[in-house]
Amino acid sequence: MPSGTVGEFPPNADVAVIGAGFTGLSAARTLAKRGVKVAVLEANTIGWGASSRNGGMVLTGMKLDVGTLSKRYGMELTRRMYADSLASIDWVEQIVREENIACDFSRCGHLEVACKQSHFDSYARSAEVVAKEFSHMLRIVPRSELPSEIGSSIYFGGMVDKTSAGVNPARYVAGLADAALKAGALIYENARVLHISKTLPSGVGGFEIKTSRGNIFARDVLVATSGYTSSATPALQKKIIPIGSFIITTERLPESLAKELSPRNRMIYDSKHYLYYYRLTPDKRMLFGGRAAFFPETRNTIRRSAEILRQGMIQVFPQLRDTKIEHAWGGTLDFCFDTMPHAGEIDGIYYALGYAGHGVAMATYLGARVAQKICGSSDEIPYAAIPFPGAPLGLYNGRPWFLPFAGAYYKVLDWIR
Ligand SMILES: Cc1cc2nc3c(=O)[nH]c(=O)nc-3n(C[C@H](O)[C@H](O)[C@H](O)COP(=O)(O)OP(=O)(O)OC[C@H]3O[C@@H](n4cnc5c(N)ncnc54)[C@H](O)[C@@H]3O)c2cc1C
Numbered sequence: 460m461p462s463g464t465v466g467e468f469p470p471n472a473d474v475a476v477i478g479a480g481f482t483g484l485s486a487a488r489t490l491a492k493r494g495v496k497v498a499v500l501e502a503n504t505i506g507w508g509a510s511s512r513n514g515g516m517v518l519t520g521m522k523l524d525v526g527t528l529s530k531r532y533g534m535e536l537t538r539r540m541y542a543d544s545l546a547s548i549d550w551v552e553q554i555v556r557e558e559n560i561a562c563d564f565s566r567c568g569h570l571e572v573a574c575k576q577s578h579f580d581s582y583a584r585s586a587e588v589v590a591k592e593f594s595h596m597l598r599i600v601p602r603s604e605l606p607s608e609i610g611s612s613i614y615f616g617g618m619v620d621k622t623s624a625g626v627n628p629a630r631y632v633a634g635l636a637d638a639a640l641k642a643g644a645l646i647y648e649n650a651r652v653l654h655i656s657k658t659l660p661s662g663v664g665g666f667e668i669k670t671s672r673g674n675i676f677a678r679d680v681l682v683a684t685s686g687y688t689s690s691a692t693p694a695l696q697k698k699i700i701p702i703g704s705f706i707i708t709t710e711r712l713p714e715s716l717a718k719e720l721s722p723r724n725r726m727i728y729d730s731k732h733y734l735y736y737y738r739l740t741p742d743k744r745m746l747f748g749g750r751a752a753f754f755p756e757t758r759n760t761i762r763r764s765a766e767i768l769r770q771g772m773i774q775v776f777p778q779l780r781d782t783k784i785e786h787a788w789g790g791t792l793d794f795c796f797d798t799m800p801h802a803g804e805i806d807g808i809y810y811a812l813g814y815a816g817h818g819v820a821m822a823t824y825l826g827a828r829v830a831q832k833i834c835g836s837s838d839e840i841p842y843a844a845i846p847f848p849g850a851p852l853g854l855y856n857g858r859p860w861f862l863p864f865a866g867a868y869y870k871v872l873d874w875i876r
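Heads up: the sequence shown is residues 460 to 876, going by this note's numbering.
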């Protein structure tokens, strides 16, 4: 990772961005390129959050299926959100090209695999709606043709979207930070934001931001803290559910075995609520992830999750029974109560978050779009046009006490549906 800006902590900036992941760095790059004095305040180090730890799947679509989206928001708004989700992948590709980021970006496509016949049946319906309403083609893969896509016999069929891509996320976030710095952004590591207050110093509106490295005044603030959103921004903390996601990687696989498991090198995930996602890395390891523990990462949840994931991986690929696991780690996802990304303004403070495990492309995209908004753009962001619900009955203060119940609920749903 690049190091942050060295030297004195500045007393002011035009825009303070909280969090140096995809959202914050993409926003900082856009702002700095427009000549805005932007200071990124990062509690840890550049890319420390989910942005360096994810599965590197640059996916189309959103977490929710188009049927649910159109029922909830109407087809017109869903169409715009879907178009944005496709544009977000182009956006990542464009940044990688423009900034010359060596991060193994590749348009390898993704494969969703059905754990039940009913899930597979729903793929055909989705593909039809997506083709008709969004002119986007998805390919249905019947069970008999699955061996050309995946070396596993447990699934009922699949659906391929060739638009999705894969990336090495840690290299990508490092490249994004380099690009933001080169454009003139300041990035301060170990600068945890503790408190934000509206202030009017010498008659000028803006915010006073108290950090562990000192105070800074800024005209605008953008919160880009995702699953690590804290009591420094209480109104947002109440709307975000932090959920753990965990990954293991195997030792390097022989070329022939790698080819058998994933002949087309797709980004793969299954159709369960408690889903598994997996892919080959460029150096031919199986990277296998899932929401094995639900609670955010600790040494304990990582250790427990690694074993659960290994068992899951062997169920999918019995060929890996004797393969060594070389790495295991975890990170925190940001779910909103409606499982949607959100971007907008709350109490005069900008935010973009709620990616629900689909943040590689969307965080990059929304970071830049909110930055454009801060610069005065009047272009609509469809995710700003939807309601941003909090917990039912307001029964949530940012501590997800209900996670064990939610985890059990989704396990039962996976079992019965
Ligand atoms: C294990 C795992 C696998 C995933 N796999 C995929 C995938 O394959 N594809 C996909 O699209 N998405 C995936 N995701 C989701 C994706 O990684 C995230 O949506 C995305 O990285 C969010 O980026 P971000 O910049 O908004 O947040 P983050 O990268 O989490 O950055 C937030 C930053 O804010 C900082 N911060 C928090 N509070 C403060 C404060 N008070 N002061 C200063 N700084 C603060 C944190 O230190 C952190 O660095 C995965 C996530 C995880 C955890």
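The beta-carbon is built from N, C-alpha and C at its ideal position, and this holds for glycine as well.
Short of 8 angstroms in beta carbon distance, which residues of its chain neighbour residue i, apart from the five on each side in sequence? Order them along the chain.
i      : result
LEU653 : LYS669, THR670, SER671 and ALA691
GLY771 : TYR735, PHE747, GLY749 and ALA751
SER585 : ASP524, VAL525, GLY526, LEU597 and MET618
Rounding to the nearest angstrom, what Cα-Cα distance links residue i and residue j in this structure?
i      : j      : result
VAL465 : PRO693 : 30 angstroms
THR622 : ASN674 : 44 angstroms
VAL775 : GLY748 : 12 angstroms
LEU792 : LEU720 : 27 angstroms
LEU635 : SER685 : 17 angstroms
PHE564 : ILE609 : 21 angstroms
ILE505 : GLY703 : 20 angstroms
ALA765 : PHE754 : 14 angstroms
VAL572 : PRO601 : 10 angstroms
VAL499 : TYR824 : 17 angstroms
LYS832 : ALA487 : 13 angstroms
ALA650 : LYS496 : 17 angstroms
MET615 : ARG598 : Here residue 615 is Phe; the residue named in the question, Met, does not match the sequence. Cα to Cα, PHE615 sits roughly 15 angstroms from ARG598.
SER715 : TYR810 : 46 angstroms
CYS567 : GLY508 : 25 angstroms
PHE794 : THR760 : 19 angstroms
HIS612 : ARG769 : Sequence inspection shows Ser at residue 612; the His mentioned does not correspond to that position. If I take the Cα positions, the gap works out to 18 angstroms.
SER806 : GLN576 : It should be noted that the sequence gives Asp, not Ser, for residue 806. Near 47 angstroms, if we compare the C-alpha coordinates of GLN576 and ASP806.
THR740 : ARG762 : 22 angstroms
ARG828 : SER837 : 10 angstroms
PRO701 : ASN724 : 30 angstroms
Thinking C-beta only, is residue j closer than 8 angstroms to residue i?
i      : j      : result
TYR541 : VAL525 : yes
GLY515 : ASN627 : yes
GLY494 : ILE646 : no
ASP797 : CYS574 : no
VAL680 : ALA491 : no
THR709 : ILE767 : no
THR537 : SER529 : yes
MET618 : TYR582 : yes
VAL819 : PHE481 : yes
ILE477 : THR519 : no
For residue i, which of helix, strand or coil comes out of DSSP?
i      : result
MET596 : coil
LEU653 : strand
PHE481 : helix
VAL465 : coil
LYS641 : helix
ASP543 : helix
MET460 : coil
LYS669 : strand
MET772 : helix
MET618 : strand
LEU739 : strand
ASN674 : strand
VAL626 : coil
LEU746 : strand
ASN513 : coil
TYR733 : coil
THR658 : strand
ASN724 : coil
Which residues in the same chain as residue i place their Cβ atom closer than 6 angstroms to its Cβ, once the five residues preceding and following it in sequence are excluded?
i      : result
SER656 : GLU667
PHE468 : ARG672 and GLY673
MET726 : MET516, HIS569, SER623, GLY625 and ARG738
ARG539 : PRO841
PRO800 : GLY813, TYR814, MET821 and TYR842
ALA502 : ARG651
Heavy atom of ligand 3 less than 7 angstroms from the Cβ of residue i, yes or no?
i      : result
SER715 : This structure lacks ligand 3; its bound ligands are ligand 1.
Quick one: what's got a C-beta closer than 7 angstroms to residue i's C-beta in the same chain, skipping five residues either side?
i      : result
CYS562 : VAL555, VAL626, ASN627, ARG630, TYR631 and GLY634
GLU804 : none
VAL589 : VAL525, HIS595 and LEU597
PRO461 : ILE505, ALA633, ALA636, ASP637 and LEU640
Exercise. Please go through the segment 679-717 and give each complete alpha helix (DSSP H) segment of 4 or more residues, from N-terminal end onward.
Key: 693-696
Self-check item: Sequence ranges, beta strand (DSSP E) only - wholly within the segment 779-860, length at least 3
Solution: 784-795, 801-805 and 808-812
Practice problem: List in chain order: all unbroken beta strand (DSSP E) runs of 3+ residues lying wholly within the segment 550-615. | Solution: 569-572 and 598-601
Practice problem: Ignoring anything shorter than 3 residues or poking outside the segment 481-510, list the beta strand (DSSP E) runs there in chain order. | Solution: 497-500
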